[in-house]
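There are 4 protein chains.
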Amino acid sequence: MKYGYGEKKDKLQNRLRRIEGQVRGISRMIEEGKYCIDILTQISAVEAAMDKVALELLREHTRHCLMNDAVGPADREEKVSEVVDAVGRLLAK
Amino acid sequence: MKYGYGEKKDKLQNRLRRIEGQVRGISRMIEEGKYCIDILTQISAVEAAMDKVALELLREHTRHCLMNDAVGPADREEKVSEVVDAVGRLLAK
Amino acid sequence: MKYGYGEKKDKLQNRLRRIEGQVRGISRMIEEGKYCIDILTQISAVEAAMDKVALELLREHTRHCLMNDAVGPADREEKVSEVVDAVGRLLAK
Amino acid sequence: MKYGYGEKKDKLQNRLRRIEGQVRGISRMIEEGKYCIDILTQISAVEAAMDKVALELLREHTRHCLMNDAVGPADREEKVSEVVDAVGRLLAK
Numbered sequence: 299m300k301y302g303y304g305e306k307k308d309k310l311q312n313r314l315r316r317i318e319g320q321v322r323g324i325s326r327m328i329e330e331g332k333y334c335i336d337i338l339t340q341i342s343a344v345e346a347a348m349d350k351v352a353l354e355l356l357r358e359h360t361r362h363c364l365m366n367d368a369v370g371p372a373d374r375e376e377k378v379s380e381v382v383d384a385v386g387r388l389l390a391k
Numbered sequence: 299m300k301y302g303y304g305e306k307k308d309k310l311q312n313r314l315r316r317i318e319g320q321v322r323g324i325s326r327m328i329e330e331g332k333y334c335i336d337i338l339t340q341i342s343a344v345e346a347a348m349d350k351v352a353l354e355l356l357r358e359h360t361r362h363c364l365m366n367d368a369v370g371p372a373d374r375e376e377k378v379s380e381v382v383d384a385v386g387r388l389l390a391k
Numbered sequence: 299m300k301y302g303y304g305e306k307k308d309k310l311q312n313r314l315r316r317i318e319g320q321v322r323g324i325s326r327m328i329e330e331g332k333y334c335i336d337i338l339t340q341i342s343a344v345e346a347a348m349d350k351v352a353l354e355l356l357r358e359h360t361r362h363c364l365m366n367d368a369v370g371p372a373d374r375e376e377k378v379s380e381v382v383d384a385v386g387r388l389l390a391k
Numbered sequence: 299m300k301y302g303y304g305e306k307k308d309k310l311q312n313r314l315r316r317i318e319g320q321v322r323g324i325s326r327m328i329e330e331g332k333y334c335i336d337i338l339t340q341i342s343a344v345e346a347a348m349d350k351v352a353l354e355l356l357r358e359h360t361r362h363c364l365m366n367d368a369v370g371p372a373d374r375e376e377k378v379s380e381v382v383d384a385v386g387r388l389l390a391k
């Protein structure tokens, strides 16, 4: 495992498995003709759960890849732009 | 199918199946130790795709459940609150 | 006042005045060299307050402009698209 | 100026002044009874502009306060949590 989230691998994958189940559950709600509003509520829950995965990855990335003495000055600007752009994509998704 | 998204059932379920595959793909990226930033990009893509499903449901709900002559004045306030609250949850997820 | 939010005009304008003050407060925090994280927190507060204004407008629009017997079938599709697109812009801002 | 955004102070304050004007413009739209959907579009624009200010601050914070050799190991965890929590608040606003 090259990157900083190695220790959190199991935790992240468990969360993603749960999210996969939630998405499948939404498909089942549509199959069964459940009320739109209840389906929208589940969609909000999936997005909130995805955001938690994103924040966990951002935490590990910041901890291990940004605040890392091995990142020389020459690489810093690129690393900073990368992470700011990634947050920008999450905000504007 | 009781609710208004009946005609869009297949389209919505296809989208959700694709999203499920994307979530599984993110788990695989973690398994393979892919770069955090690339995983964050995929998470943004999943959330954007979920938003499209939500907007499609909102469209069908508005079309068939709100703008529906069968909704009497007594039920209107409740219907309005339901939909506004659902949008609020999506905005604040 | 042509549109549905007429009764809420004062409430909405009070909120916007408060938001204007908050934005000015953020500029002052920058002037005074306050800590970035505290400024980011204030930015989240402004966006949450803007979302509340948006939801209030959406409520009045749904109540008076969508669930309105005067909207004939020919206009419905356009009205539905308008509101769904507006929510889409709020979600993707 | 203690913090990292010092060099960007003018740029940030110009943006905030523009946002203040946009908020005032929204209040004027309400005064003049403009169409709800057009007001919602302006609200999205304000939120997008606020996000840009937030991303600029996040960039300067990451550049100067996180990727800073002066931050010792003991302070890192706290700095990481601070920034991740701030991004979380922006995502969930």
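Protein chains in written order, with the numbering used here: chain A, 299 to 391; chain B, 299 to 391; chain C, 299 to 391; chain D, 299 to 391.
No residue lacks a Cβ here, since even glycine has one placed at the ideal position from N, Cα and C.
Quantities reported herein were computed from a predicted structural model and do not represent experimental measurements.
- N-terminal and C-terminal residue of the alpha helix (DSSP H) that A:D336 is part of: Residue 336 of chain A sits at position 38 when you count from the first residue of the first sequence. From DSSP, the alpha helix (DSSP H) with A:D336 extends over 334 to 359.
- Query: In chain order, what residues of the same chain have a beta carbon less than 8 Å from the beta carbon of A:L356, not counting five sequence neighbours either side?
  - Reply: Residue numbering aside, residue 356 of chain A sits at position 58 when the first sequence is read from its first letter. Closer than 8 Å at Cβ, skipping near neighbours: V381, A384, V385.
- When the distance is taken between beta carbons, is B:C334 closer than 8 Å to A:E345? Here residue 345 of chain A refers to the residue found at position 47 of the first sequence. Here residue 334 of chain B refers to the residue found at position 36 of the second sequence. Cβ distance not < 8 Å, so A:E345 and B:C334 don't count as in contact.
- Message: Is there a Cβ of chain A sitting closer than 8 Å to that of B:D373, yes or no?
- Response: As a position in the second sequence, residue 373 of chain B is number 75, starting the count at 1. It does not; no Cβ of chain A falls within 8 Å.
- Item | Endpoints, alpha helix (DSSP H) assigned at B:M365 | Reading the second sequence from its first residue, position 67 is the one you call residue 365 of chain B. From DSSP, B:M365 is part of no alpha helix (DSSP H); its letter is neither H nor E.
- Message: Using only the alpha-carbon positions, how far apart do A:R322 and C:A372 sit?
- Response: What you label residue 322 of chain A is simply residue 24 of the first sequence in a count that begins at 1. What you label residue 372 of chain C is simply residue 74 of the third sequence in a count that begins at 1. So the two alpha carbons sit approximately 36 Å from each other.
- Distance between B:E376 and C:K350 (C-alpha atoms, nearest Å): Sequence index remark: in the third sequence, residue 350 of chain C carries index 52 (1-based). Sequence index remark: in the second sequence, residue 376 of chain B carries index 78 (1-based). Each residue's Cα considered, the two are about 18 Å apart.
- Message: I need the DSSP call for B:G331, collapsed to helix, strand or coil.
- Response: Position 33 of the second sequence holds residue 331 of chain B. Here B:G331 sits in coil by DSSP.
- Item | Supposed close pair A:P311, B:I328 - CB separation, criterion 8 Å | The count along the first sequence starts at 1 and reaches residue 311 of chain A at position 13. The count along the second sequence starts at 1 and reaches residue 328 of chain B at position 30. Note that residue 311 of chain A corresponds to Gln in the displayed sequence, not to Pro. Here A:Q311 really is in contact with B:I328; their C-beta atoms are around 6 Å apart, less than 8 Å.
- Task: Closer than 7 Å by C-beta to B:L364: which residues in its own chain qualify, once you throw out the five before and the five after it? Chain order, please.
- Result: Counted from its first residue, the second sequence places residue 364 of chain B at position 66. Hits under 7 Å: K377, V381.
- Note down, in chain order, all residues in the region 339 to 368 of chain C with a beta-carbon under 8 Å from any beta-carbon belonging to chain B. A346, D349, A352, L353, L356, R357, T360, R361, L364, M365, D367
- Query: Leaving out the 5 sequence neighbours to the left and right, which residues in its chain are closer than 8 Å to C:R361 when beta-carbon positions are compared?
  - Reply: If you number the third sequence from 1, residue 361 of chain C lands on position 63. Within the same chain, C:R361 has close Cβ partners G302.
- Could you name the residues of chain G that C:V378 contacts, counting a contact when the two beta carbons are closer than 7 Å? Among the protein chains in the structure shown, which are A, B, C and D, there is no chain G.
- Task: Within the same chain, show all residues whose beta-carbon is closer than 8 Å to that of D:I317, passing over the 5 residues directly before and after it, in chain order.
- Result: Position 19 of the fourth sequence holds residue 317 of chain D. Excluding positions up to five away in sequence, the list reads V344, A347, M348, V351.
- Task: Use the C-beta contact count for D:K309: other C-beta atoms within 10 angstroms, 16 or more gives buried, fewer gives exposed.
- Result: The residue given as residue 309 of chain D occupies position 11 in the fourth sequence. It is exposed - the Cβ of D:K309 has fewer than 16 other Cβ atoms within 10 Å.
- Please confirm whether D:L389 and A:L338 have their CB atoms less than 8 Å apart. Residue 389 of chain D sits at position 91 when you count from the first residue of the fourth sequence. Residue 338 of chain A sits at position 40 when you count from the first residue of the first sequence. The answer is no: Cβ separation not under 8 Å.
- Message: Which residue marks the beginning of the alpha helix (DSSP H) containing C:G302, and which one marks its end?
- Response: As a first step, residue 302 of chain C must be located in the third sequence, where it is residue number 4. Unbroken run through C:G302: none, as it is neither H nor E.
- A:A384: first and last residue of the uninterrupted alpha helix (DSSP H) it sits in: Taking the first residue of the first sequence as 1, we reach residue 384 of chain A at position 86. Looking at the DSSP string, the run of the alpha helix (DSSP H) that includes A:A384 is 371 to 389.
- Message: Rounding to the nearest angstrom, what Cα-Cα distance links C:R374 and A:S325 in this structure?
- Response: Position 76 of the third sequence holds residue 374 of chain C. Position 27 of the first sequence holds residue 325 of chain A. Looking at the two C-alpha atoms, the distance is approximately 28 Å.
- 8 Å Cβ cutoff met for B:D336 and C:D367: Counting from 1 along the second sequence, the entry for residue 336 of chain B is found at position 38. Counting from 1 along the third sequence, the entry for residue 367 of chain C is found at position 69. No; because the gap between Cβ atoms is not below 8 Å, this pair is not in contact.
- Do you know how far the Cα of C:Q320 is from the Cα of D:K332? On the fourth sequence, position 34 is the one that residue 332 of chain D refers to. On the third sequence, position 22 is the one that residue 320 of chain C refers to. The straight-line gap separating the alpha-carbon atoms of D:K332 and C:Q320 is approximately 24 Å.
- Message: So that I know if they touch, is there some Cβ in chain B lying closer than 8 Å to that of A:V321?
- Response: As a working mapping, residue 321 of chain A is identified with position 23 in the first sequence. Output row for A:V321: interface = yes.
- Anything in chain A within Cβ reach of B:G302, meaning under 8 Å, just list it in chain order. In the second sequence, residue 302 of chain B corresponds to position 4, counting from 1. Going along chain A in sequence order, the residues near B:G302 (Cβ under 8 Å) are C334.
- Classify C:N342 as buried or exposed, calling it buried when 16 or more other Cβ atoms lie within 10 Å of its own Cβ. Taking the third sequence and counting its residues from 1, the one referred to as residue 342 of chain C is at position 44. Correcting the residue identity first, residue 342 of chain C is Ser in this sequence and not Asn. So C:S342 counts as buried.
- is_contact[C:E318, chain D] using C-beta, thresh 8 Å: Position 20 of the third sequence holds residue 318 of chain C. Taking Cβ atoms only, chain D reaches closer than 8 Å to C:E318, which makes this a yes.
- Item | Best match in A:G304, A:K306, A:K307, A:E330 for proximity to B:G304 [C-alpha to C-alpha] | For this step, residue 304 of chain B is matched to residue 6 along the second sequence. That would be A:E330, whose Cα lies nearest to the Cα of B:G304.
- Query: Using a Cβ-Cβ distance under 8 Å, would D:K307 count as near chain C?
  - Reply: Locating residue 307 of chain D in the fourth sequence gives position 9, counting from the first residue. Yes, D:K307 lies at the interface with chain C (some Cβ there is under 8 Å from its Cβ).
- Query: Do A:K307 and A:E354 have their CB atoms nearer than 8 Å?
  - Reply: Sequence index remark: in the first sequence, residue 307 of chain A carries index 9 (1-based). Sequence index remark: in the first sequence, residue 354 of chain A carries index 56 (1-based). Cβ atoms of A:K307 and A:E354: not closer than 8 Å.
- Output, in chain order, the set of chain C residues within a Cβ distance shorter than 8 Å of B:L389. Position 91 of the second sequence holds residue 389 of chain B. The answer, in chain order, is D349, A352, L353, L388, L389.
- Task: Look at the alpha carbon of B:K391 and the alpha carbon of C:K391, and state the distance between them as a whole number of angstroms.
- Result: Against the second sequence, residue 391 of chain B aligns to sequence position 93. Against the third sequence, residue 391 of chain C aligns to sequence position 93. Taking the straight line from one Cα to the other gives about 14 Å.
- 7 Å Cβ shell around A:S379 - same chain, five flanking residues per side excluded: Taking the first sequence and counting its residues from 1, the one referred to as residue 379 of chain A is at position 81. Correct list: empty, nothing qualifies.
- Item | Cα-Cα separation, C:M299 to B:G370 | Residue mapping note: residue 299 of chain C aligns to position 1 of the third sequence, counting from 1. Residue mapping note: residue 370 of chain B aligns to position 72 of the second sequence, counting from 1. With a pLDDT of only 45 at C:M299, under the threshold of 50, the placement of this residue in the model should not be trusted; the figure read from the coordinates follows. Distance between the alpha carbons of C:M299 and B:G370 is about 25 Å.
- Neighbouring residues, chain D, relative to C:V382 (Cβ below 8 Å): In the third sequence, residue 382 of chain C corresponds to position 84, counting from 1. Within chain D, no residue comes near C:V382; the closest Cβ sits about 11 Å away, beyond 8 Å.
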